[in-house]
Structures are given as structure tokens and as C-alpha cells.
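Colleague: Starting off with a structure, shown below.
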Amino acid sequence: MEKSSLSSYLLMRRFKLCLGLVGLFLIIETTSCSKRNYNVDAETAPLAAPKTGLFKRKIMEPVTTAAIDTTSPSLATTPVPDTVQLGTKKRKKHKRKKNEFLGYPVRRGYVKSGKGNRATVEKFSYLKEYIEPSVYAPAKYYYDTKRHRIFKARTIDPKRARIVHGPYKKMVGGKVVAEGYFYIGTRHLRWESYNKDGILLSKSHFEKGFPRDAVINYYDAGQKKMKEVIPYVNNKVEGDYVMFHQNGLLAWEGQYEKGKKVGIWIEFYDFRNRKHFEYQYPESADDEPFEAYVIKEYDRHGTVIYEKGKFDKRPKM
443 MEKSSLSSYL LMRRFKLCLG LVGLFLIIET TSCSKRNYNV DAETAPLAAP
493 KTGLFKRKIM EPVTTAAIDT TSPSLATTPV PDTVQLGTKK RKKHKRKKNE
543 FLGYPVRRGY VKSGKGNRAT VEKFSYLKEY IEPSVYAPAK YYYDTKRHRI
593 FKARTIDPKR ARIVHGPYKK MVGGKVVAEG YFYIGTRHLR WESYNKDGIL
643 LSKSHFEKGF PRDAVINYYD AGQKKMKEVI PYVNNKVEGD YVMFHQNGLL
693 AWEGQYEKGK KVGIWIEFYD FRNRKHFEYQ YPESADDEPF EAYVIKEYDR
743 HGTVIYEKGK FDKRPKM
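Under the working numbering, think of the first position of the sequence shown as 443, with each following residue one higher.
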């Protein structure tokens with residue numbers, strides 16, 4: 443009797459176990475075959491309830507549906523824009539060309555004279571090809587290939603002249619005494635001079651030959667025919683003065699120092715920039731003033747017909 447009861451009990455246990463396995467199998471099949479819902483918005487999807495206790499789950503902020511792209515990705519590769527590709531490369535530093543200044547090709551040169559502590563060296567740049575400086579420039583500078591010096595002049599011979607253009611530096615005994623820039627044979631930008639101890643003596647600013655603060659007068663209202671250039675430095679008349687004829691040729695040239703005329707002033711004919719008279723003024727503004735006098739006179743052919751204290755070939759009146 444006890445054996446039959448035990449057998450019945452075991453059979454019942456096996457039957458319940460089989461029913462449990464069958465039910466589990468049906469649940470798995472139903473879950474795997476159900477259709478997945480892709481249309482649930484991230485903003486409205488239910489958030490999991492936060493855990494209680496020592497460690498809590500951080501509730502994330504809802505994401506708007508506009509930020510979600512539900513389209514299928516394309517297998518075609520999209521070309522990267524040129525701007526993006528350039529951005530991945532190393533950016534190259536823009537370097538100024540050493541053989542160019544303000545858009546003009548240049549070469550380097552230097553002049554050396556003297557020896558020892560008095561040795562003078564001038565470093566400069568000049569144009570590869572000859573360009574005539576402005577006809578209105580108060581002073582023109584060039585390097586003479588035969589005399590191997592830098593000269594300041596009114597007229598230039600293109601066959602033996604190299605027009606200075608670019609940085610300039612003058613050194614005496616290895617120390618800088620002057621530096622600045624040239625622009626097509628004229629002084630440009632900042633110019634400075636120093637004594638032997640490196641102390642700044644003077645500083646001037648130029649704009650293509652003219653002092654930056656110069657007053658320029660014209661013959662016409664359209665400001666195309668220049669009449670004169672009055673140089674100003676620190677509110678004082680200082681530097682090269684020039685005046686022109688109405689045809690554009692030079693009429694007068696000279697220098698001011700502390701508001702006074704100094705040195706030699708030249709008056710020109712109204713053709714070919716030929717000299718007519720040379721007048722002598724005090725050598726510096728600190729010298730005793732005197733009335734200017736003629737030291738030379740030229741005829742219309744450029745021949746000297748009078749030189750003070752030497753000869754006088756002027757026609758008798």
C-alpha cells in the first residue's frame with residue numbers, strides 16, 4: 443500500500459513538471475514571434491523607475507524626436523568637402539618672401555668702406571628691374587654700380603643705377619647708426635638714427651618720399667598737378683622742400699631745419715630739369731643768419747656762366 447502511494451506521488455510530480463516545461467516553451471515562442479514596435483518616441487517612452495537604496499539610477503533627460511534620424515543608412519560613401527579635407531592638413535605659416543618687398547622683386551646688396559672701428563657697412567635691397575622713381579619725389583636714392591655707393595640725386599642714369607627698394611641699415615664699427623626703408627628710390631615708413639652708444643637721435647616717418655605730416659599744395663582743384671611739398675616733423679617745417687612748375691617739372695628744391703632754410707637751394711628752368719640758380723643759405727639753423735646769395739648761375743644749355751669768387755660770363759646788360 444505504501445509503495446502504490448509513492449508511485450502515484452512521483453507520477454503526479456512528473457506530470458506537473460512536463461506541464462511547466464510546455465508552458466515555458468509556449469511563452470518563449472510567443473515572445474520571439476511578436477512584432478517589435480519602432481514607433482515609440484524617445485520623449486514619451488516610459489522611464490525605468492529609479493532604484494531605492496544606497497545606489498540610485500540617474501534619470502536621463504528626455505530626447506526630442508527631431509534629433510533622431512530613423513532613415514536607413516546608405517551604403518554609398520559621401521565625399522568629404524574640400525574645406526573639411528583642408529582642415530585636417532597642417533596649416534602652413536604664411537612667410538613673406540625674402541626676395542620681394544611690397545610686391546616688387548628685389549636683390550640684396552651691401553657697401554663697405556673704411557677699416558677697423560671706423561669701418562662703415564651699408565646693407566640694402568634694390569629692384570631687379572629698373573623703375574623710374576616718382577617725378578614728384580623730393581629726393582631720389584640709388585646705388586651707383588661704378589662708384590659703389592648710394593647716392594641722393596634729382597636725375598638718375600638707368601645704365602649705372604640700381605633703384606634702392608626695401609630695408610636699409612647702416613653700421614659703423616659694427617653698431618647700427620641708421621635704418622629705415624626705401625620705396626622705389628624714395629624714403630618710406632619709419633627712419634631712425636642712433637649715436638655710437640645706440641641712443642636714438644631722431645625718428646621720422648615717410649610715405650613714398652614725403653614726410654608723413656607734409657602739407658601738399660596743388661595747382662588744380664582735382665589735385666593732379668602738384669605745386670609744392672612743405673615738410674613737417676613734430677609740427678615744425680623740417681626736411682626736403684620741393685616746388686614744381688605747372689608742367690610737372692621741378693622749380694625749386696632745398697632743405698628746412700627747425701623752420702629755417704639751410705644749405706644750398708636750387709632754382710630750375712621749366713624744361714629738362716636744368717638748373718638756373720644756386721643760392722647759399724646758412725649751413726645749419728643754429729648758424730648766424732644772413733641774406734642768401736647766388737653762388738652759381740647756368741644758361742639754358744646747362745653751362746655754368748657764373749660762379750661766385752671765380753668767374754662771371756654773364757652777358758653784360
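Note that CB positions come from ideal geometry on N, CA and C, so glycine has one too.
Computed from a prediction, not measured in an experiment: that's the story for all the values here.
Count the other CB atoms within 10 Å of the CB of K758; is the residue buried (16 or more) or exposed (fewer)?
Modeller: Walking along the sequence shown from the start, residue 758 turns up at place 316. Label assigned to K758: exposed.
Colleague: If you run the structure through DSSP and keep just helix, strand and coil, what is L459?
Modeller: Start at 1 with the first residue of the sequence shown, and residue 459 comes out as number 17. Reduced to three states, the DSSP call for L459 is helix.
Colleague: Do G608 and Y585 have their C-beta atoms within less than 8 Å of each other?
Modeller: Along the sequence shown, one-based indexing puts residue 608 at 166. Along the sequence shown, one-based indexing puts residue 585 at 143. The answer is no: Cβ separation not under 8 Å.
Colleague: If you drop the 5 nearest sequence neighbours on each side, which residues of the same chain put their C-beta closer than 8 Å to that of L642?
Modeller: In the sequence shown, the residue the question calls residue 642 occupies position 200. Hits under 8 Å: E634, S635, Y636.
Colleague: Nearest CA to the CA of Y661: which residue from D729, V675, M685?
Modeller: Counting from one through the sequence shown, the residue named residue 661 turns up at place 219. Ranking the options by Cα distance to Y661, first place goes to M685.
Colleague: Should L461 go down as buried or exposed, given a rule of 16 or more other Cβ atoms within 10 Å for buried?
Modeller: Working through the sequence shown from its first residue, we reach residue 461 at position 19. When all chains shown are included, L461 counts as exposed.
Colleague: Grab me the residues of K666's own chain with a C-beta within less than 8 Å of its C-beta, minus the 5 sequence neighbours each way, in chain order.
Modeller: Position 224 of the sequence shown, counting from 1, holds the residue named residue 666. Hits under 8 Å: Y660.
Colleague: Which value, in whole angstroms, describes the spacing of the CA atoms of R742 and F710?
Modeller: Along the sequence shown, one-based indexing puts residue 742 at 300. Along the sequence shown, one-based indexing puts residue 710 at 268. Distance between the alpha carbons of R742 and F710: 10 Å.
Colleague: What residue range does the beta strand (DSSP E) around L642 cover?
Modeller: Numbered from its first residue, the sequence shown carries residue 642 at position 200. From DSSP, the beta strand (DSSP E) with L642 extends over 642 to 649.
Colleague: Measuring straight from C-alpha to C-alpha, what distance separates D754 and G744?
Modeller: Within the sequence shown, numbered from 1, the residue matching residue 754 stands at position 312. Within the sequence shown, numbered from 1, the residue matching residue 744 stands at position 302. Rounded to whole angstroms, D754 to G744 spans 15 Å at the Cα level.
Colleague: Of all the options I592, K554, K612, which has the alpha carbon lying nearest to the alpha carbon of T628?
Modeller: Taking the first residue of the sequence shown as 1, we reach residue 628 at position 186. The option with the nearest alpha carbon to T628 is I592.
Colleague: In whole angstroms, give me the CA-to-CA distance for L569 and I708.
Modeller: The residue labelled residue 569 in the question sits at position 127 within the sequence shown. The residue labelled residue 708 in the question sits at position 266 within the sequence shown. Computed Cα separation, rounded: 29 Å.
Colleague: I want to know whether the region 547 to 562 touches the region 605 to 623 - three or more CB-CB distances under 8 Å.
Modeller: Yes, since at least three Cβ pairs between the region 547 to 562 and the region 605 to 623 fall closer than 8 Å, the two stretches touch.
Colleague: Whose C-beta lies closer than 6 Å to the C-beta of E749 among residues of the same chain, with five residues either side of it excluded?
Modeller: Counting from one through the sequence shown, the residue named residue 749 turns up at place 307. Within the same chain, E749 has close Cβ partners K738.
Colleague: DSSP state of T520, grouped into three classes?
Modeller: Counting from one through the sequence shown, the residue named residue 520 turns up at place 78. Any answer about T520 is weak, because its pLDDT of 45 lies below 50 and its placement is not dependable; what the coordinates show is given next. Three-state result, T520: coil.
Colleague: Out of R602, T597, H630, P580, state which residue places its alpha-carbon closest to the alpha-carbon of Y610.
Modeller: Indexing the sequence shown from 1 puts residue 610 at position 168. Checking every option, the nearest Cα to that of Y610 belongs to H630.
Colleague: Quick check on G627: does DSSP put it in helix, strand or coil?
Modeller: If you number the sequence shown from 1, residue 627 lands on position 185. The answer is coil: DSSP assigns G627 none of H, G, I, E or B.
Colleague: Rank R602, V577, T597, A734 by C-alpha distance to the C-alpha of K717 and give the top, closest one.
Modeller: Sequence index remark: in the sequence shown, residue 717 carries index 275 (1-based). Closest option to K717, Cα to Cα, is T597.
Colleague: Buried or exposed: F713, going by 16 or more other Cβ atoms within 10 Å of its Cβ?
Modeller: For the purposes of this step, residue 713 is taken as the residue at position 271 of the sequence shown. So F713 ends up on the exposed side.
Colleague: Does N659 come out as helix, strand or coil in the three-state DSSP assignment?
Modeller: Walking along the sequence shown from the start, residue 659 turns up at place 217. Three-state result, N659: strand.
Colleague: Determine the direct distance from the alpha carbon of V736 to that of E720, and round the result to whole angstroms.
Modeller: What you label residue 720 is simply residue 278 of the sequence shown in a count that begins at 1. What you label residue 736 is simply residue 294 of the sequence shown in a count that begins at 1. Approximately 6 Å between the Cα atoms of the pair.
Colleague: Would A603 be called buried (16 or more neighbouring beta carbons within 10 Å of its own) or exposed?
Modeller: Taking the first residue of the sequence shown as position 1, residue 603 is located at position 161. It is buried - the Cβ of A603 has at least 16 other Cβ atoms within 10 Å.
Colleague: Which residue's Cα is closest to the Cα of N676: V548, G705, V657, A663?
Modeller: Within the sequence shown, numbered from 1, the residue matching residue 676 stands at position 234. Minimum Cα distance to N676 is reached at V657.
Colleague: Could you check which residue in G696, G751, I747, N715 has the C-alpha nearest to that of P724?
Modeller: To locate residue 724, count along the sequence shown from 1; it is residue 282. Selected option, being the one with the closest Cα: G696.
Colleague: Give me, in chain order, the residues of the same chain whose beta-carbon lies closer than 7 Å to that of Y546; leave out the 5 immediate sequence neighbours on both sides.
Modeller: If you number the sequence shown from 1, residue 546 lands on position 104. Hits under 7 Å: L569, H607.
Colleague: Output yes or no for whether 8 Å exceeds the beta carbon distance between G651 and P580.
Modeller: Translated into positions along the sequence shown, residue 651 becomes position 209. Translated into positions along the sequence shown, residue 580 becomes position 138. Their beta carbons are under 8 Å apart, which means G651 touches P580 by this criterion.
Colleague: When you compare only the Cα positions, how much space is there between F648 and R654?
Modeller: As a working note, residue 648 is residue 206 in the sequence shown. As a working note, residue 654 is residue 212 in the sequence shown. Those two C-alpha atoms are separated by around 5 Å.
Colleague: Below 6 Å CB to CB, which residues in the same chain sit around F566 once its five sequence neighbours on both sides are set aside?
Modeller: Looking up residue 566 in the sequence shown gives position 124. Within the same chain, F566 has close Cβ partners G551, V606, Y610.
Colleague: Which residues in the same chain as L459 place their Cβ atom closer than 7 Å to its Cβ, once the five residues preceding and following it in sequence are excluded?
Modeller: The sequence position of residue 459 within the sequence shown is 17, counting from 1. Excluding positions up to five away in sequence, the list is empty.
Colleague: Going by DSSP, which residues form a beta bridge with T562?
Modeller: Walking along the sequence shown from the start, residue 562 turns up at place 120. DSSP lists S555, V614 as partners of T562.
Colleague: Spatial neighbours of V548 within its chain, please: CB distance less than 8 Å, with the 5 preceding and 5 following residues excluded, ordered by chain position.
Modeller: Here residue 548 refers to the residue found at position 106 of the sequence shown. Same-chain partners within the cutoff: N541, E542, S567, Y568, L569, K570, H607, G608.
Colleague: What first and last residue would you give for the beta strand (DSSP E) that runs through V746?
Modeller: What you label residue 746 is simply residue 304 of the sequence shown in a count that begins at 1. Counting along the chain, the beta strand (DSSP E) containing V746 begins and ends at 746 to 749.
Colleague: Find the nearest neighbour of F624 within the set G690, A727, P575, judged by alpha-carbon distance.
Modeller: Reading the sequence shown from its first residue, position 182 is the one you call residue 624. Nearest C-alpha to F624: P575.
Colleague: Leaving out the 5 sequence neighbours to the left and right, which residues in its chain are closer than 8 Å to A734 when beta-carbon positions are compared?
Modeller: On the sequence shown, residue 734 is found 292 positions in, with the first residue counted as 1. K703, W707, Y721, Q722, Y723.
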